[in-house]
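Trainee:
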Amino acid sequence: LAATQPSTNWHLKENAREHHTSKFSSEELIVRRGQAFTITFNGTERPEQNLIFIAETGPKPSKATKTLATFDISSTVSKEGWSAVLQSSSSNSVSISISSPPNAVIGRYRLGVQSGSSSPASLGTFVLLFNPWSSGDDVFMPNKAECEEYVLEEFGIIFAGNKNHISSFGWNFGQFQGDILNICLSIMDRSLYYRQDPVTDVSHRHDPRYLGRVLSAMVNANDDQGVVLGNWSGKYEGGKNPSSWTGSGEILQSWKKSGFKPVKYGQCWVFAAVLTTVLRCLGIPTRTITNFSSAHDADGNLRVDEFYDADGNHLERGADSVWNFHVWNESWFTRNDLGPSYSGWQILDATPQEESGGIYQCGPASRHAIKEGEVELDYDGPFVFAEVNADCMYWNYDSATGKKNLIFSKSTEIGASISTKAVGRDDRVDVTSDYKYEEGSAKEREIFKKARKKLGLGDKFDPTALEQEQIEQKPDIQGKFKVTGSLEVGKDLNLLLVLENLQSDAKAVNVNMTAWSTLYTRRPVNEIWKDSISVTLAPKEEKQFPIKIKYPEYQQQLTTDKTIQVTALCHVKDGMQVLVKRNITLDNPAIDIQVLGEAKVNKEVVVEVAFTNPIDSEVKDCVLQVEGSDLLQGILELRIPPLKASEKSSTKFKLIPSEAGPKHLLVNFSCDKFVDIKTFKMVNVIN
């Protein structure tokens, strides 16, 4: 070899185009495994003669762990390992096409070349990623439009609210922005698995199953100083309120800047969104999934218990809970460990709810296995199955005596309207039927029994067999809460309690009603209102009782989740108790975005954001946050003067788009009376 280091031309543009990595803004070559890339280098005499290439990754590269490959020039691409094919050569430079195997370890590689007996010369480094476009890869996704959405799309929609009232907000995944790839690589190198045994950890990085599990642990801060610290207290001092984030970039950048200290604070959608960013960045097709009325079954009996006192207050007893919604991930890859029918979408959950193998990690659980009740298959089947299938038991608990009475049980409550964003459109798609058979069908109950049997639960805790005489005793009355009028922050809340006598004799009923502000996990935070009424219902009579909770009554008590649980516990004379409850999610007032003129690459365009104060008092401390991949760098923060009652504000700012195509602008407006009013706008950027 010549004494000088060879200079390498990585053909960044051409290789990136071939490998679907053009969206990364990097001076380093980024390619996908199982596919050829071309490099040209000089500085070798008689170059094509006996050149040997060395590709290595990780701290102690070896052939045994598949972290080191040496290969010479051959005439064809190897099916098994790495190979190099000569493209062209001149007196002092040579062009080579290098191919990696479809199951290569992913990560940053060092590439060297050796000629004859001289010592190897470094050609530089490149990054190797998963390849969903290649049929030999475990993450191969045959549908190209799905590859575009689940790997290349930087904008997402996350569904929230509750099953009666689904809402949504935009999120900027930003997996190709700035330094995100390097941050994702450092997340892998900071995991517990890597710290305990770096050599083994790196050797497993060919396997999306392994990396999905490791990264589900690393995105939360439990155990390992991971990326995001969870907080479900309703108090977020010392950090950012989980509902204020609009993208993953700010979170991942803060984690790195702080010297890898967990970022405060996250809740389920934040963990799921950050995991989506990391997995899409590495090339594993991934999406967020929202499950409404999601069970957190802490004791593994496929049942969640909720407790109420005599006044109808929801008590925090026991570790089980039902969340208005919960967000997790699905990633697409084969399950060679389970067999072909279990391949496809796999459930991963980075929210720290329960430990698995001593660490807060969850998945991958095969979605097919969950639907079929095969809860014994790796990983975390029982927990995921319960999230969408658990039965609900509602109890009246007397704290003085410690006695509990079953009010009723319900098997159709949990796992409703399971939702994800459509491919290539900003719409909701319902995937409930991919998780379970139709609620209430014989097949669904059969699968539930199958799962219970596999968990060795038998008839123990079986709601159908539990305290049979209590369940057979039918309630005398039934009730429900109806919403009349709008559900908007700043307006009064109008409800009707509807009670109906099911019997042919009159019934005397004492009704204890409460309204509490809650978190989206239904954890009660502040009491807003309580009342009690005594009523007599004539035979088969239905009566309506209007309830009004005025804005000033709830304004101070509302959490940033804007959720209220209304409960009526009905004590029927000489009959059983009846529990009527409803979880209500209020909407924020609207905010409007207009793009004034055409959006063109590298040209200024003006955007106008308008907000009208809907309440009859002043709002102050108004801040507007704006972000959007390829539309602006980082996050733009604008302060807005106070707004009097019914006053309209209009704020203008400039964008300089950097890339053509459909891009999304995300806006978040907050003031002292309204927090995190979010909206997004698709901006079509032309060249």
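The opening position of the sequence shown corresponds to residue 1 in the UniProt record's numbering, with each subsequent residue numbered one higher. Glycine included, C-beta positions come from ideal geometry on N, C-alpha and C.
Tell me the DSSP secondary structure of Pro539 in three-state form.
Mentor: Three-state result, Pro539: coil.
Trainee: Distance check for Lys540 and Gln503, CA to CA, integer angstroms please.
Mentor: Gln503 and Lys540: Cα-Cα distance of roughly 6 Å.
Trainee: On a Cα-Cα basis, can you pick out the residue from Trp395, Glu618 and Gln346 that is closest to Asp378?
Mentor: Out of Trp395, Glu618 and Gln346, Gln346 has the C-alpha closest to the C-alpha of Asp378.
Trainee: Secondary structure at Ala465, three-state DSSP: helix, strand or coil?
Mentor: Confidence at Ala465 is low in this model, with a pLDDT of 49, below 50, so the placement of that residue should be treated as unreliable; the coordinate-derived value is given next. In the structure shown, Ala465 sits in coil (DSSP, three-state: anything other than H, G, I, E or B).
Trainee: Looking only at C-alpha atoms, which of Lys450, Ala221 and Trp328 sits nearest to Gly363?
Mentor: The shortest C-alpha separation from Gly363 is found at Trp328.
Trainee: Tell me the rounded alpha-carbon separation between Pro59 and Leu68.
Mentor: Going by the C-alpha atoms only, they are around 11 Å apart.
Trainee: In whole angstroms, what is the alpha-carbon distance linking Ala506 and Asp476?
Mentor: So the alpha carbons of these two residues sit roughly 10 Å apart.
Trainee: Which residues share a DSSP beta bridge with Ala442?
Mentor: Its beta-bridge partners do not exist; DSSP assigns none.
Trainee: Label Ser99 either buried or exposed according to how many other C-beta atoms from any shown protein chain fall within 10 Å of its C-beta, with 16 as the threshold for buried.
Mentor: Buried is the call here.
Trainee: Under 8 Å by Cβ, that's how I've got Asn172 and Gly249 pegged, so tell me the actual separation to the nearest angstrom.
Mentor: With 8 Å as the limit, Asn172 and Gly249 qualify as a contact, their Cβ atoms being about 7 Å apart.
Trainee: On the criterion of 16 or more Cβ atoms from any shown chain inside 10 Å, does Glu154 qualify as buried, or is it exposed?
Mentor: The residue is buried, with at least 16 neighbouring Cβ atoms inside 10 Å.
Trainee: What are the partner residues of Lys678, as DSSP defines its beta bridges?
Mentor: In DSSP, Lys678 forms a bridge with Asn668.
Trainee: Exposed or buried, which one is Asp312 when buried takes at least 16 other CB atoms within 10 Å?
Mentor: Per the sequence shown, residue 312 should be read as Gly rather than Asp. So Gly312 counts as buried.
Trainee: Would you check whether the ligand MN has a heavy atom nearer than 7 Å to the C-beta of Ile635?
Mentor: This structure does not include the ligand MN; it has no bound ligands of any sort.
Trainee: Identify every run of the beta strand (DSSP E) within the UniProt domain "Transglutaminase-like" (260 to 352), keeping only runs that are complete inside it and at least 3 residues long; order them along the chain.
Mentor: Correct list: 263 to 266, 286 to 296, 303 to 308, 321 to 333 and 344 to 348.
Trainee: Among residues of its own chain, excluding the 5 on either side of Glu14, which ones have a beta-carbon nearer than 8 Å to its beta-carbon?
Mentor: So the list reads Thr38, once near-sequence residues are dropped.
Trainee: Put Lys79 into one of helix, strand or coil per three-state DSSP.
Mentor: Coil at Lys79, not helix or strand.
Trainee: Go through its chain and collect everything with a Cβ distance to Asp621's Cβ below 6 Å, but skip five positions before and after it.
Mentor: Result list for Asp621: Cys671 and Asp672, in chain order.
Trainee: Is the CB-CB distance between Ser331 and Pro208 below 8 Å?
Mentor: Against a cut-off of 8 Å, the Cβ pair of Pro208 and Ser331 comes out as a contact.
Trainee: Whose C-beta lies closer than 6 Å to the C-beta of Thr125 among residues of the same chain, with five residues either side of it excluded?
Mentor: Closer than 6 Å at Cβ, skipping near neighbours: Arg108 and Arg110.
Trainee: List the endpoints of the continuous beta strand (DSSP E) containing Asn405.
Mentor: Run containing Asn405: Lys403 to Lys410, per the beta strand (DSSP E) assignment.
Trainee: One question on the structure: do Val667 and Thr560 come within less than 8 Å of each other, judged by their Cβ atoms?
Mentor: No.
Trainee: Expressed to the nearest angstrom, what Euclidean distance is found between the alpha-carbon atoms of Gly156 and Leu12?
Mentor: Cα to Cα, Gly156 sits roughly 28 Å from Leu12.
Trainee: Considering only residues of the same chain and omitting the five flanking positions on each side of Phe680, which have a CB-CB separation below 6 Å?
Mentor: Cβ neighbours of Phe680 beyond the five flanking positions: Gly170, His664 and Leu666.
Trainee: On a Cα-Cα basis, can you pick out the residue from Gly634, Ile656 and Thr612 that is closest to Glu647?
Mentor: When only C-alpha atoms are compared, the closest one is Thr612.
Trainee: Using the three-state DSSP reduction, which class does Leu129 fall into: helix, strand or coil?
Mentor: Residue state, collapsed to three classes: strand.
Trainee: Quick one: what's got a C-beta closer than 7 Å to Val511's C-beta in the same chain, skipping five residues either side?
Mentor: Once the five neighbours on either side are set aside, the close Cβ partners of Val511 are Ser532, Ile533, Val535, Ala568 and Cys570.
Trainee: Please say whether Gly490 and Tyr551 have beta carbons closer to each other than 8 Å?
Mentor: Yes.
Trainee: Following the continuous beta strand (DSSP E) through Leu586, name the residue where it begins and the one where it ends.
Mentor: From DSSP, Leu586 is part of no beta strand (DSSP E); its letter is neither H nor E.
Trainee: What does the alpha-carbon distance come out to for the pair Ser433 and Ile656?
Mentor: Their Cα atoms are separated by approximately 43 Å.
Trainee: Please state the DSSP three-state secondary structure of Thr65.
Mentor: Coil at Thr65, not helix or strand.
Trainee: Only counting the same chain, and skipping five residues up and downstream in sequence, which positions put a Cβ closer than 6 Å to that of Thr334?
Mentor: Excluding residues within five positions, the ones whose Cβ falls inside 6 Å are Asp138 and Ser343.
Trainee: Report the partner residues of Tyr109 according to the DSSP bridge assignment.
Mentor: Its beta-bridge partners are Thr57 and Phe126.
Trainee: Please state whether DSSP places residue 688 in a helix, a strand or coil.
Mentor: The displayed coordinates of the chain run from 1 to 687. Any statement about residue 688 would go beyond what the structure contains.
Trainee: DSSP on Ile370, reduced to helix/strand/coil?
Mentor: Ile370: helix per DSSP, three-state reduction.
Trainee: Once DSSP output is grouped into helix, strand and coil, what is the label at Ser97?
Mentor: Looking at Ser97 - three-state DSSP - the assignment turns out to be strand.
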